[in-house]
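Trainee: Quick one: this structure, given as structure tokens, is what I'll be asking you about.
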Amino acid sequence: MSARLHLARLTGAASLQDGGRRGYLRFGLSASGPMDPLAFAAANHLVGNPADAAALELGLAGASLRVEGGAVRLALAGAPSGLRLDGEPLAAHRSFVLREGSELTVERPREGVFAYLAAAGGFPVGSVMGSRALHQRAALGGLEGRACREGDRLPLAAPASYEADHSLDPIPLERAAPIRVVLGPQDDLFSQAGLATFLAETFTVSNRADRMGYQLDGPAIAHGAGGFNIVSDATVAGSVQVPGSGRPIVLLADRQTTGGYPKIATVISADLRRIAQRRPGEPVRFASVDLAAATRLAREAAARIAALNTRLRPVGGEAERLMAANLAGAAVDALRAED
Amino acid sequence: MTHDAPRLLPCGDTAFTIEFGSGIDARLSARVLALDAALAERALPGVLETVPTYRSLTVHLDPLRADPVELGRAVLALAGEPLPAVPTPRLWRIPVVYGGAFGIDLDAVAAHHGLTPEAVIARHSAPEYRVAMIGFLPGYAYLEGLDPGLALSRRPSPRPVTPAGTVSIGGAQALVASIAAPSGWHLLGRTPEKTFVPARDPVFLLRPGDRVRFVPTPAERWDALAAAAEAGEPVAELCEG
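Taken in order, these protein sequences are the chains called A and B. To convert, note that position 298 of the first sequence is 309 in the numbering used here; the numbers rise steadily by one, no gaps. To convert, note that position 132 of the second sequence is 174 in the numbering used here; the numbers rise steadily by one, no gaps.
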């Protein structure tokens, strides 16, 4: 029997996600997939996986993990989270081997929301409709159609190509700058005052934030004279819909595919990861860009993901492991004393 | 209401919508489905998926392979051409058990319209509907063709859970729900048919453009039909042609 990864302790949200389930939007099924595609791809590259292999997405989660029946190369990328291997600090954004009898601890992230734990060879759960990504509302993919729970044992594959550990520069969350949007498709259903509120005011991520979408608190966005009901049309990832309350909802990976509220704007694809990494209580401002700029930024974001492979650096040796831990902020006075 | 000319609405850098109108009617839906078919035939580079709705077609694209501005203009031009109507040979006869525990709002809908529950059932099962849109949740089939005399705005507050197979109305729309979910619509009945089964081929029973008729079915038949559906047997009847 192949090895398994035991989620001995888990607080917060966790699900298996791969590149997503494509081709079913016309049947009402959104793609799912990672909330932060850049961090997800980084975690996979670090363990030598294809960029879209299934990985464990942790959402404001802390966990303790053990491996059973073998050893596995792992890497964590995304929201900065303290990592410990048998109590010793370990850097994120580098791969390492978890051996039977050892315990890996992932702390709740210090900032941001989503971190990705990739395992060499991926997690070979059953593929449903072409994907292993969990879509929770549809009970598809993931671990038998559900999110991960404490006590789960995730199947592991045969080790992948890398025989050494690698590191990457941490990926910034870029949480300070405004979230860029393209106005439309229904910006004409809002008053001038409503549009000004949307683009000038600061909103806050509310507690109603999950993989389907983030509802924002803040000043109400005024609709135009036509009211706030439209005959339902399609949504996209990043649609900013504004229901009667005037409180915007940004639709994300597991969104409903159609909706009857007007959509004032669409978050550009390059910034979906940036809004996804903002946790409840954090501020959000929006800035409008034109479609040409949004397209250029989408291409830059894709190039950034494609270039991850070329930025990998091999790491090895115990001293380097501790140095890497130092970069993550752990104390290394002991190491200096030995120099 | 139909616009004089279709409109191109931006949906960020990965999609755009071609909007034919703002309402619900058979002509609008036919134009949407005609554009959907014409696009499928042309297989333009960069088009990933299309989503037909009551009144619009949303085109999802890969911004690495197509420029959204140029692609949008090309599809808008196509939408303005006289496109051939799409044949709709598939007709589903879907069994529905109305009222009682299966359709808890039937009596209230009847009372609101000053009709008997039997008259509501007769009016709801009389038309031939068309699947104009599948959306919101996987397999939720939104139908065009509801008797205007049954139209009724949504409930003031949604119910947290409505069962799989729910057959309901909201405004001028009629719906066959596939999975359990919250809903603010009026529940008239339920079908034992499973319209969304991930392990089945096809996964989704209904397609945009399909025709649908509801067949009033006695509550006594529910258990047998539900058992058959559970065993993977079709309980809706497909008539081609």
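Glycine included, C-beta positions come from ideal geometry on N, C-alpha and C.
1. Three-state secondary structure (DSSP) at residue 213 of chain A?
2. Under 8 Å between beta-carbons, which chain B residues line up against residue 303 of chain A? List them in chain order, please.
3. Give me the Cβ distance between residue 126 of chain A and residue 88 of chain A, rounded to the nearest whole Å; I'm assuming they're in contact under 8 Å.
4. Is it right to say residue 234 of chain A is buried, meaning 16 or more other beta carbons lie within 10 angstroms of its own, or is it exposed?
5. Output needed for residue 23 of chain A: all residues of its chain with C-beta closer than 7 Å, excluding positions within five of it in sequence on either side, in chain order.
6. Given that residue 97 of chain B touches chain A, what residues does it touch there, using C-beta distances under 8 Å?
7. Can you find a C-beta in chain A that's less than 8 Å from the C-beta of residue 256 of chain B?
8. Mind listing the chain A neighbours of residue 182 of chain B? Cutoff is C-beta to C-beta under 7 Å, in chain order.
9. To which residues of the same chain is residue 193 of chain B closer than 8 Å at the C-beta, ignoring the five residues directly before and after it?
10. Taking the continuous alpha helix (DSSP H) assigned at residue 272 of chain B, which residues delimit it?
11. Quick one: list the residues of chain B neighbouring residue 279 of chain A, beta-carbon separation under 7 Å, in chain order.
12. Under 8 Å, with one C-beta from each stretch per pair, do the stretch 251 to 269 of chain A and the stretch 173 to 190 of chain B reach the 3-pair mark?
13. If you scan the stretch 62 to 123 of chain A from start to end, which runs of the beta strand (DSSP E) of 3 or more residues do you find wholly inside it?
14. Here's the rule I'm using: 16 or more other beta-carbon atoms within 10 Å means buried, otherwise exposed. How should residue 61 of chain B be labelled?
15. Got a sec: is the Cβ-Cβ distance from residue 59 of chain B to anything in chain A below 8 Å?
16. Kindly indicate if chain A contains any beta-carbon less than 8 Å away from that of residue 228 of chain B.
17. Going by beta-carbon coordinates alone, are residue 92 of chain A and residue 57 of chain A separated by less than 8 Å?
18. Assuming residue 255 of chain B contacts residue 170 of chain B under a Cβ cut-off of 8 Å, what Cβ separation, rounded to an integer in Å, is found between them?
19. Between A:298, A:59, A:242 and A:294, which has its C-alpha nearest residue 71 of chain B's C-alpha?
20. Are the Cβ atoms of residue 110 of chain B and residue 115 of chain A separated by less than 8 Å?
21. How is the beta strand (DSSP E) around residue 176 of chain B delimited, first residue to last?
22. Reducing DSSP to helix, strand and coil, say where residue 91 of chain B ends up.
23. Drop a sphere of 10 angstroms on the beta-carbon of residue 104 of chain A, count the other beta-carbons inside from all chains shown, and report buried for 16 or more, exposed for fewer.
24. With 8 Å set as the bound, which would you pick, yes or no: does the beta-carbon of residue 268 of chain A sit closer than that to a beta-carbon of chain B?
25. Buried or exposed: residue 279 of chain B, going by 16 or more other Cβ atoms within 10 Å of its Cβ?
26. I want to see whether chain A comes within less than 8 Å of residue 102 of chain B, judged by CB atoms only; does it?
27. Using a Cβ-Cβ cutoff of 9 Å, what residues of the stretch 78 to 93 of chain B are near chain A? List them in chain order.
28. Is there a C-beta anywhere in chain A that falls below 8 Å from the one on residue 176 of chain B?
29. Apart from the five residues on each side of it in sequence, which residues of its chain come closer than 8 Å, Cβ to Cβ, to residue 81 of chain A?
30. Between residue 201 of chain A and residue 225 of chain A, what straight-line distance do the alpha-carbon atoms span, to the nearest angstrom?
31. Report buried or exposed for residue 203 of chain A, applying the criterion of at least 16 other Cβ atoms within 10 angstroms of its Cβ.
32. Can you list, in chain order, the residues of its chain whose CB lies under 8 Å from that of residue 311 of chain A, leaving out five sequence neighbours each side?
33. Does any CB atom of chain B fall closer than 8 Å to the CB of residue 323 of chain A?
34. Candidates A:169, A:75, A:191 and A:29: which alpha carbon is nearest residue 211 of chain A's?
35. Could you check if residue 34 of chain A is buried or exposed, using at least 16 other CB atoms within 10 Å of its CB as the buried criterion?
36. How would you list, in chain order, the residues of chain B whose beta-carbon sits under 9 Å from the beta-carbon of residue 140 of chain A?
Mentor: The short version:
1. Residue mapping note: residue 213 of chain A aligns to position 202 of the first sequence, counting from 1. Coil at residue 213 of chain A, not helix or strand.
2. As a first step, residue 303 of chain A must be located in the first sequence, where it is residue number 292. Ordered by position in chain B, the residues that pass the 8 Å Cβ test against residue 303 of chain A are 111.
3. Working through the first sequence from its first residue, we reach residue 126 of chain A at position 115. Working through the first sequence from its first residue, we reach residue 88 of chain A at position 77. Indeed, because the Cβ distance is near 7 Å, the residues count as touching under 8 Å.
4. By 1-based counting over the first sequence, the position of residue 234 of chain A is 223. Under this definition residue 234 of chain A is a buried residue.
5. Against the first sequence, residue 23 of chain A aligns to sequence position 12. The residues are 69, 70, 71, 72, 73 and 119.
6. Reading the second sequence from its first residue, position 55 is the one you call residue 97 of chain B. Within 8 Å Cβ-Cβ: 242 and 244.
7. Numbered from its first residue, the second sequence carries residue 256 of chain B at position 214. Using a Cβ-Cβ cut-off of 8 Å, residue 256 of chain B does not count as an interface residue toward chain A, since no Cβ of chain A sits closer than that to its own.
8. As a first step, residue 182 of chain B must be located in the second sequence, where it is residue number 140. Taking a Cβ-Cβ threshold of 7 Å, the residues of chain A close to residue 182 of chain B are 39, in chain order.
9. Taking the first residue of the second sequence as 1, we reach residue 193 of chain B at position 151. Excluding positions up to five away in sequence, the list reads 211, 213 and 214.
10. One-based indexing of the second sequence puts residue 272 of chain B at position 230. In the DSSP annotation of this structure, the continuous segment of the alpha helix (DSSP H) that includes residue 272 of chain B starts and ends at 264 to 272.
11. What you label residue 279 of chain A is simply residue 268 of the first sequence in a count that begins at 1. Within 7 Å Cβ-Cβ: 54 and 55.
12. Enough Cβ pairs lie closer than 8 Å, so yes.
13. Counting whole runs of 3 or more residues, the stretch 62 to 123 of chain A contains the beta strand (DSSP E) stretches 66 to 79, 83 to 89, 94 to 96, 99 to 101, 106 to 109 and 115 to 117.
14. As a first step, residue 61 of chain B is located in the second sequence; it is residue number 19 there, counting from the start. Buried.
15. Residue numbering aside, residue 59 of chain B sits at position 17 when the second sequence is read from its first letter. Yes, residue 59 of chain B counts as interfacial toward chain A.
16. Position 186 of the second sequence holds residue 228 of chain B. No, no contact with chain A.
17. Walking along the first sequence from the start, residue 92 of chain A turns up at place 81. Walking along the first sequence from the start, residue 57 of chain A turns up at place 46. Result no, Cβ atoms of residue 92 of chain A and residue 57 of chain A do not sit closer than 8 Å.
18. Locating residue 255 of chain B in the second sequence gives position 213, counting from the first residue. Locating residue 170 of chain B in the second sequence gives position 128, counting from the first residue. Contact between residue 255 of chain B and residue 170 of chain B holds, with the beta-carbon distance rounding to 6 Å and staying under 8 Å.
19. To locate residue 71 of chain B, count along the second sequence from 1; it is residue 29. Nearest option by C-alpha distance: A:242.
20. Indexing the second sequence from 1 puts residue 110 of chain B at position 68. Indexing the first sequence from 1 puts residue 115 of chain A at position 104. Not in contact: residue 110 of chain B and residue 115 of chain A (Cβ atoms no closer than 8 Å).
21. Working through the second sequence from its first residue, we reach residue 176 of chain B at position 134. That run of the beta strand (DSSP E) goes 171 to 176.
22. As a working mapping, residue 91 of chain B is identified with position 49 in the second sequence. Of the three classes helix, strand and coil, the one that applies to residue 91 of chain B here is strand, per DSSP.
23. Residue 104 of chain A sits at position 93 when you count from the first residue of the first sequence. Taking a 10 Å sphere around the C-beta of residue 104 of chain A, we find 16 or more other C-beta atoms and assign the residue as buried.
24. Numbered from 1 along the first sequence, position 257 holds the residue referred to as residue 268 of chain A. Chain B places a beta carbon closer than 8 Å to that of residue 268 of chain A, counting this residue as a contact.
25. As a position in the second sequence, residue 279 of chain B is number 237, starting the count at 1. Exposed, since its Cβ has fewer than 16 Cβ neighbours within 10 Å.
26. Along the second sequence, one-based indexing puts residue 102 of chain B at 60. By this cut-off, residue 102 of chain B is an interface position.
27. Within the stretch 78 to 93 of chain B, 78, 90, 91, 92 and 93 place their CB atoms closer than 9 Å to a CB of chain A, listed in sequence order.
28. On the second sequence, residue 176 of chain B is found 134 positions in, with the first residue counted as 1. Cβ-Cβ to chain A under 8 Å: yes for residue 176 of chain B.
29. Residue numbering aside, residue 81 of chain A sits at position 70 when the first sequence is read from its first letter. Within the same chain, residue 81 of chain A has close Cβ partners 13, 14, 111 and 167.
30. Position 190 of the first sequence, counting from 1, holds the residue named residue 201 of chain A. Position 214 of the first sequence, counting from 1, holds the residue named residue 225 of chain A. The alpha-carbon atoms of residue 201 of chain A and residue 225 of chain A are separated by roughly 20 Å.
31. As a first step, residue 203 of chain A is located in the first sequence; it is residue number 192 there, counting from the start. So residue 203 of chain A ends up on the exposed side.
32. Start at 1 with the first residue of the first sequence, and residue 311 of chain A comes out as number 300. The beta carbon of residue 311 of chain A sits closer than 8 Å to those of 281, all from its chain and outside the five residues before and after it, given in chain order.
33. The residue given as residue 323 of chain A occupies position 312 in the first sequence. Not closer than 8 Å to any Cβ of chain B, the Cβ of residue 323 of chain A fails to qualify, so no.
34. Working through the first sequence from its first residue, we reach residue 211 of chain A at position 200. Ranked by how close their Cα comes to the Cα of residue 211 of chain A, the residues A:169, A:75, A:191 and A:29 have A:191 in first place.
35. In the first sequence, the residue the question calls residue 34 of chain A occupies position 23. Of the residues assessed, residue 34 of chain A falls on the exposed side of the cut-off, its CB having fewer than 16 other CB atoms within 10 angstroms.
36. By one-based count along the first sequence, residue 140 of chain A stands at place 129. Those within 9 Å of residue 140 of chain A in chain B are 240 and 245.
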